[in-house]
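This report refers to the structure that appears directly beneath it.
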Amino acid sequence: MTREQSRNALVLGAGGGLGQAIVARLLTDPSIDKVIAVSRNGRTEDLSGHWTSSSRLVWIQSDYTEQAMADVVTQLAPYAGTLSRVCICHGVLHSDTIWPEKRLEDISADALHEIFHANTVIPSLWLKLLHKILAGKQRCVVAALSARVGSIGDNRMGGWYAYRTSKSALNMMLKTLAVEYARRAKNVKLISFHPGTTDTPLSKPFQGSVKKENLFSTAFVADRLVGIMDQADVDGQLSYLDWDGKSIAW
Ligand SMILES: NC(=O)c1ccc[n+]([C@@H]2O[C@H](COP(=O)([O-])OP(=O)(O)OC[C@H]3O[C@@H](n4cnc5c(N)ncnc54)[C@H](OP(=O)(O)O)[C@@H]3O)[C@@H](O)[C@H]2O)c1
C-alpha cells in the first residue's frame, strides 16, 4: 500500500473491554492497514494470544501524563494524514477507592477529580494533541466513548454524580472541539458514542439489574461502532449516537 492509499486506525485506551474488542474488530477490516493501540498496559493476553503475530497491530504504552501523550503523538507522526478511524475509549466509573454516588453526601472532591481526569481531561487532551496529524484529505471519523447518562435531557434517575457529569462535560468538550475542527480539520467527523450496557469490568458490578437481552457483548458493540463510523457523514458537527445509530438528547 502506498502512503496515499493506506488507511490506519488508532485506538486510545485499548486495554479495556471495549478497547480490545474495537482493536480486534478493526484488525478484521481489510481496508485498514495498521491498527495502532495505546494503553497503560502492555498487550493484553487476549490480544497477544490472537494477534501477536499480526504485524498490522502496533502497540504503544503510555501513562497518559500530558508529556507522555505528546510523546505518543510524536511517534504517530509517520501516520499523519492516514488515520481514518480514531476511537477514544477511556472511562472510569468505579475503582478500589471510588464508588458511584447514590446521594449527595457521597460526593467527594477526590473522586470528582479522578473521574473527570480519566473521562473528560484525557480524551480532550488527545483531541488537542492529535488535530495536526488528523487534518488532511483523508476522511477521518473519531468516536469518543461517552454514555447516555451524560445526557442532561435524559437524566431522570439522578445519582452517579461524578461519572454522569464527566460524560456531560465530555460531550460539551467534543461539541466545542467540533466547532474548531470544522475550521481546522474539515476532514474529521466527531461522534460521541453510547455503547449500551456492555459486559466489561466497568459494568460488572451493575449487571445484576440488567436484563440478559440488554447486556451486550463487546464484539457486538465494536461491530456496531465500526458500522456507524463507516456510514458517518463528515458534516462538521458532533453526533451523539447510541449503539443503534440513534441520536441521544443532549
Ligand atoms: N461497559 C459499559 O456498559 C459502558 C456503558 C456506557 C459507556 N461506557 C464507556 O465505554 C468506555 C469503555 O469502557 P469499558 O466498558 O471498556 O471499561 P473498561 O473495560 O473498564 O475499560 C476502561 C478504559 O478506561 C481506560 N482507563 C481506565 N482507568 C484510566 C485512567 N485512570 N486514566 C485513563 N484511562 C483509564 C482504560 O485504558 P487502558 O487501555 O489504558 O487501560 C480503558 O480504555 C468508557 O468510556 C465507558 O465510560 C461503557
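Residue numbering for the sequence shown follows my numbering, beginning at 1405 and increasing consecutively.
C-beta: ideal position from N, C-alpha, C; glycine also.
From a predicted model like this one, the values you see are computed outputs, not experimental measurements.
Supposed close pair residue i, residue j - CB separation, criterion 8 angstroms
{"i": "L1430", "j": "H1494", "result": "Between H1494 and L1430 the Cβ distance is about 17 angstroms, and since that is not below 8 angstroms, they are no contact."}
{"i": "L1538", "j": "L1487", "result": "6 angstroms"}
{"i": "C1491", "j": "A1547", "result": "5 angstroms"}
{"i": "K1593", "j": "A1636", "result": "5 angstroms"}
{"i": "V1625", "j": "A1428", "result": "Not confirmed; about 12 angstroms, so no contact."}
{"i": "V1680", "j": "Y1565", "result": "The question about residue 1680 has no answer here: the residues shown for the chain are numbered 1405 through 1654."}
{"i": "A1515", "j": "I1526", "result": "Incorrect: roughly 16 angstroms between the Cβ atoms, too far for contact."}
{"i": "D1603", "j": "F1620", "result": "7 angstroms"}
{"i": "H1498", "j": "P1599", "result": "At roughly 17 angstroms, the Cβ-Cβ gap does not stay under 8 angstroms, so H1498 and P1599 are not in contact."}
Residue i (DSSP reduced to helix, strand or coil)
{"i": "D1639", "result": "coil"}
{"i": "A1413", "result": "strand"}
{"i": "D1646", "result": "strand"}
{"i": "S1528", "result": "helix"}
{"i": "T1601", "result": "coil"}
{"i": "S1607", "result": "coil"}
{"i": "S1613", "result": "helix"}
{"i": "W1654", "result": "coil"}
{"i": "D1634", "result": "helix"}
Beta carbon of residue i nearer than 8 angstroms to that of residue j
{"i": "F1520", "j": "A1573", "result": "yes"}
{"i": "A1413", "j": "V1442", "result": "no"}
{"i": "L1422", "j": "T1622", "result": "yes"}
{"i": "Q1542", "j": "N1591", "result": "yes"}
{"i": "N1618", "j": "T1601", "result": "yes"}
{"i": "Q1465", "j": "G1446", "result": "yes"}
{"i": "L1549", "j": "M1473", "result": "no"}
{"i": "A1589", "j": "H1535", "result": "yes"}
{"i": "F1597", "j": "L1533", "result": "no"}
{"i": "G1563", "j": "K1506", "result": "yes"}
{"i": "G1419", "j": "R1444", "result": "yes"}
{"i": "V1496", "j": "A1522", "result": "yes"}
{"i": "S1458", "j": "D1437", "result": "no"}
{"i": "W1654", "j": "S1570", "result": "no"}
{"i": "I1595", "j": "I1632", "result": "yes"}
{"i": "T1524", "j": "M1577", "result": "yes"}
Check: residue i C-beta below 7 angstroms from any heavy atom of ligand 2
{"i": "N1618", "result": "As far as ligands go, the structure on display features ligand 1 and does not contain ligand 2."}
*At 4 residues or longer, and completely inside the region 1445 to 1511: list those alpha helix (DSSP H) runs for me, N to C.*
1449 to 1455 and 1470 to 1479
*Hey, which unbroken runs of the beta strand (DSSP E) at 3 residues or more fall wholly within the region 1543 to 1594?*
1544 to 1549
_In chain order, each alpha helix (DSSP H) run of at least 4 residues that lies wholly inside the region 1416 to 1445_ = 1421 to 1431
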